[in-house]
Amino acid sequence: MRITQGCFSFLPDLTDEQIAAQVQYCLDKGWAVNIEFTDDPHPRNTYWEMWGLPMFDLRDAAGIMKELADCRRVYGDRYIRISGFDSSHGWESVRLSFIVTRPQEEPGFRLDRQESVGRNVRYSTHSYAATRPEGERYADR
Amino acid sequence: MTKPQELPREAPVEAIDLRHEFADLGIGAVLDQLDSELIGLKPVKTRIREIASLLLVERIRQKMALATTFPTLHMSFTGNPGTGKTTVALRMAGILHRLGFVRRGHVISVTRDDLVGQYIGHTAPKTKEILKKAMGGVLFIDEAYYLYRPENERDYGQEAIEILLQVMEQQREDLVVILAGYGDRMEKFFQSNPGFRSRIAHHIDFPDYSDAELLWISELMLQQQNYRFSPEARDAFIRYISVRKTQPLFSNARSIRNALDRIRLRQANRIVAKLDRILTADDVMSIEAGDVLASRVFASDMAAAGEGQ
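Going down the list, the protein sequences come from chains A and B.
To convert, note that position 25 of the first sequence is 31 in our numbering; the numbers rise steadily by one, no gaps.
To convert, note that position 57 of the second sequence is 59 in our numbering; the numbers rise steadily by one, no gaps.
Put into structure tokens, the structure is as follows:
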């Protein structure tokens, strides 16, 4: 099941050229660009691991594409996303976030129903990948 | 303007109107501006002219669908103090940007402290951070020889040098590195880091200015600050230049700038000394011979002449 989080996730995967163009858009707007990765793509898992520090004061996307290449070399089997953080007053939040790398196989989620008191049913989403320990979830697929 | 690789692929053409292409790129304007704003510096201007011609030819080759590689543009500026190395480096970014060799045209100016860390493992992230910031523009490393400290074998400068060399080689189209420093020390630096010398395509030596050029520079500086020499002051300043050149610690245009600053102080003092009068714009703009001749440079010259007798 293809994960759809952030921008562009219903489109075909972006090429490096397209990613660089989006990153350049962020930089031109003065946003700090971050690279984050995870192997737990649960929709409520908002805090992904950061690759290095947020990149402030950059002018050109080439630097970020270099970092992305480095990140892919290490964590290429996981989800990697790029986000643009707008620090200007009144925004102070992430303005753009999109997935740039995903595992070859995405097993998707199972919906668990738990019967609770009365006729209540509690739902939870359970990632099939997350049954395995962290770091081994996508490695050998 | 886009850089050569980004040009849309069109059907290869057989013949190209060179003059039209030249005008299209605006190279002429860039070169004219350079000639009018920088005095002297013949070797520098020649090299920029060559780089500009190369770009033109590269574009034409691109249109004719001939294989091209991105030229190496890393530079090393050597020369005595005050010969305009920093000024030219800062301007170079703009020139390369207008010629389409760098994408953004900004300059990140750094020295040793910005690249080299203070403890193990600190240098690499620091250097990479700076390199990322400089991507798409020019990284200007002033007094580059401080990066390498042979007297301390545990110095982290070497690590910064290795990272720099790697990026200079692999990401030539993303970044232009300009090193600057005094001639003899840069020579030693290159001897101990032969990798650097071979990765830098343009070694440009900045010559010392001649007396006439220094006078020209001083008049340009004064003009920018809305001052001017009276004819006698100009003669005095010509003498000042020739005397100052023989004295120790002469640093070309920088010495001239400092001399002019002191002359302005003396001029202000002279004006304020006589309070009971009506000043005109002409009075506050003009520098008199007395302002120049009061300089300590002449005093020591006299003393030296006196001792000679």
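The C-beta atom is built at its ideal place from N, Cα and C for all residues, glycine as well.
Exercise. Buried or exposed: where does B:ALA146 fall if 16 or more other Cβ atoms within 10 Å of its Cβ makes it buried?
Worked result: The residue you call residue 146 of chain B lines up with position 144 of the second sequence. With 16 or more other Cβ atoms within 10 Å, it is buried.
Problem set entry | Closer than 8 Å to chain A by CB, B:HIS108 | The count along the second sequence starts at 1 and reaches residue 108 of chain B at position 106. Cβ-Cβ to chain A under 8 Å: yes for B:HIS108.
Exercise. Is the Cβ of A:ASP22 closer than 8 Å to any Cβ of chain B?
Worked result: The residue you call residue 22 of chain A lines up with position 16 of the first sequence. Taking Cβ atoms only, chain B never reaches closer than 8 Å to A:ASP22, which makes this a no.
Exercise. Any contact of the region 87-100 of chain A with the region 29-40 of chain A, i.e. 3+ C-beta pairs under 8 Å?
Worked result: yes
Exercise. Would B:ARG256 pass as a contact of B:GLY84 if the rule is Cβ separation under 8 Å?
Worked result: Taking the second sequence and counting its residues from 1, the one referred to as residue 256 of chain B is at position 254. Taking the second sequence and counting its residues from 1, the one referred to as residue 84 of chain B is at position 82. Taking 8 Å as the Cβ cut-off, B:ARG256 and B:GLY84 qualify as a contacting pair.
Exercise. Contact check, B:ILE132 vs B:TYR150 under 8 Å by CB: the rounded distance?
Worked result: Against the second sequence, residue 132 of chain B aligns to sequence position 130. Against the second sequence, residue 150 of chain B aligns to sequence position 148. Not quite, the Cβ-Cβ distance comes to about 17 Å (not below 8 Å), so this is no contact.
Exercise. Whose Cβ in chain A lies nearer than 8 Å to the Cβ of B:GLY139?
Worked result: As a first step, residue 139 of chain B must be located in the second sequence, where it is residue number 137. Near B:GLY139 (Cβ distances below 8 Å), the residues of chain A are ARG65 and ASP66.
Exercise. Quick one: which chain B residues come within Cβ less than 7 Å of A:MET61?
Worked result: Counting from 1 along the first sequence, the entry for residue 61 of chain A is found at position 55. Near A:MET61 (Cβ distances below 7 Å), the residues of chain B are LYS134.
Exercise. When you check each C-beta in the region 94-127 of chain B against every C-beta of chain A, which residues fall closer than 7 Å?
Worked result: ARG105, ARG106 and HIS108
Exercise. Near B:ARG106, what residues of its chain come up, given a Cβ to Cβ distance below 6 Å and the 5 sequence neighbours on each side ignored?
Worked result: Counting from one through the second sequence, the residue named residue 106 of chain B turns up at place 104. These residues qualify, in order along the chain: GLY138 and GLY139.
Problem set entry | Cβ-based burial, B:HIS124 [other Cβ within 10 Å; buried from 16] | Along the second sequence, one-based indexing puts residue 124 of chain B at 122. B:HIS124 comes out exposed.
Problem set entry | Distance, B:VAL32 Cα to B:HIS22 Cα | Locating residue 22 of chain B in the second sequence gives position 20, counting from the first residue. Locating residue 32 of chain B in the second sequence gives position 30, counting from the first residue. If you take the alpha carbons of B:HIS22 and B:VAL32, they lie about 16 Å apart.
Problem set entry | Three or more C-beta pairs below 8 Å linking the region 38-58 of chain B and the region 152-161 of chain B | no
Exercise. Going along the region 173-184 of chain B in order, which residues come within less than 7 Å of chain A, judged by CB to CB distance?
Worked result: GLN173 and ASP176
Problem set entry | Ranges of the alpha helix (DSSP H) found wholly within the region 199-269 of chain B, counting only runs of at least 4 | 213-226 and 233-248
Exercise. To the nearest angstrom, how far is it from the Cα of B:PHE300 to the Cα of B:TRP218?
Worked result: As a first step, residue 300 of chain B is located in the second sequence; it is residue number 298 there, counting from the start. As a first step, residue 218 of chain B is located in the second sequence; it is residue number 216 there, counting from the start. C-alpha separation (whole angstroms): 21 Å.
Problem set entry | Whole-angstrom distance between A:ARG84 and A:ALA136, CA atom to CA atom | For this step, residue 136 of chain A is matched to residue 130 along the first sequence. For this step, residue 84 of chain A is matched to residue 78 along the first sequence. Straight-line Cα distance between these residues: approximately 12 Å.
Problem set entry | CB contact check: A:GLY12 to chain B, cutoff 8 Å | Looking up residue 12 of chain A in the first sequence gives position 6. A:GLY12 does not count as touching chain B.
Exercise. By Cβ distance below 7 Å, which residues in the same chain neighbour B:SER220 in space, the five residues on each side in sequence not counted?
Worked result: Along the second sequence, one-based indexing puts residue 220 of chain B at 218. PHE239, ILE258 and LEU262, listed in sequence order.
Exercise. Going by C-alpha distance, which of B:ARG187, B:HIS205, B:TYR211 and B:VAL109 is nearest B:ILE1?
Worked result: The structure shown does not extend to residue 1 of chain B, since chain B is modelled only from 3 through 311, so no value can be given for it.
Exercise. Where does the unbroken beta strand (DSSP E) through A:GLU121 begin, and where does it stop?
Worked result: For this step, residue 121 of chain A is matched to residue 115 along the first sequence. 115-121 is the span of the beta strand (DSSP E), which, as asked, contains A:GLU121.
Exercise. Which same chain residues, not among the five before or five after B:ASP157, have their C-beta less than 7 Å away from its C-beta?
Worked result: What you label residue 157 of chain B is simply residue 155 of the second sequence in a count that begins at 1. Once the five neighbours on either side are set aside, the close Cβ partners of B:ASP157 are ARG151.
Exercise. How long is the line joining the alpha carbons of B:ALA17 and B:PRO250, rounded to whole angstroms?
Worked result: Counted from its first residue, the second sequence places residue 17 of chain B at position 15. Counted from its first residue, the second sequence places residue 250 of chain B at position 248. Cα to Cα, the separation comes out at about 58 Å.
Exercise. Do B:LEU166 and B:VAL178 come within 8 Å of each other at the CB atom, strictly closer than that value?
Worked result: As a working mapping, residue 178 of chain B is identified with position 176 in the second sequence. As a working mapping, residue 166 of chain B is identified with position 164 in the second sequence. It is not a contact, given that the beta carbons lie outside the stated cut-off.
Problem set entry | Beta-bridge partners of A:TYR85, as assigned by DSSP | Looking up residue 85 of chain A in the first sequence gives position 79. Partner(s): A:THR44.
For this session: With a threshold of 16 other CB atoms inside 10 Å of the CB of B:ILE280, please say whether the residue is buried or exposed.
Result: The count along the second sequence starts at 1 and reaches residue 280 of chain B at position 278. Counting Cβ neighbours within 10 Å, B:ILE280 comes out exposed, since fewer than 16 surround it.
Problem set entry | First through last residue of the alpha helix (DSSP H) which encompasses B:ASP26 | Locating residue 26 of chain B in the second sequence gives position 24, counting from the first residue. 20-27 is the extent of the alpha helix (DSSP H) around B:ASP26.
For this session: Closer than 7 Å by C-beta to B:ARG51: which residues in its own chain qualify, once you throw out the five before and the five after it? Chain order, please.
Result: One-based indexing of the second sequence puts residue 51 of chain B at position 49. The answer, listed in chain order, is LEU33.
For this session: Taking 8 Å as the threshold, find out whether the region 42-51 of chain A comes into contact with the region 114-121 of chain B through three or more Cβ pairs.
Result: no
Exercise. For B:LYS135, is the classification buried or exposed, using 16 other Cβ atoms within 10 angstroms of its Cβ as the cut-off for buried?
Worked result: Along the second sequence, read from residue 1 onward, the residue named residue 135 of chain B stands at position 133. It counts as buried.
Exercise. So, are the CB atoms of B:ALA182 and B:PHE79 less than 8 Å apart?
Worked result: The residue labelled residue 182 of chain B in the question sits at position 180 within the second sequence. The residue labelled residue 79 of chain B in the question sits at position 77 within the second sequence. Taking 8 Å as the Cβ cut-off, B:ALA182 and B:PHE79 qualify as a contacting pair.
Exercise. Can you tell me whether DSSP reads B:ALA182 as helix, strand or coil?
Worked result: In the second sequence, counting from the first residue as 1, residue 182 of chain B sits at position 180. DSSP places B:ALA182 in strand when its eight states are reduced to three.
Exercise. Do A:ARG143 and A:ASP45 have their C-beta atoms closer together than 8 Å?
Worked result: Here the question's residue 143 of chain A lines up with position 137 in the first sequence. Here the question's residue 45 of chain A lines up with position 39 in the first sequence. Taking 8 Å as the Cβ cut-off, A:ARG143 and A:ASP45 qualify as a contacting pair.
For this session: Could you tell me the boundaries of the alpha helix (DSSP H) in which B:SER297 lies?
Result: Residue mapping note: residue 297 of chain B aligns to position 295 of the second sequence, counting from 1. No alpha helix (DSSP H) contains B:SER297, which DSSP labels as neither H nor E.
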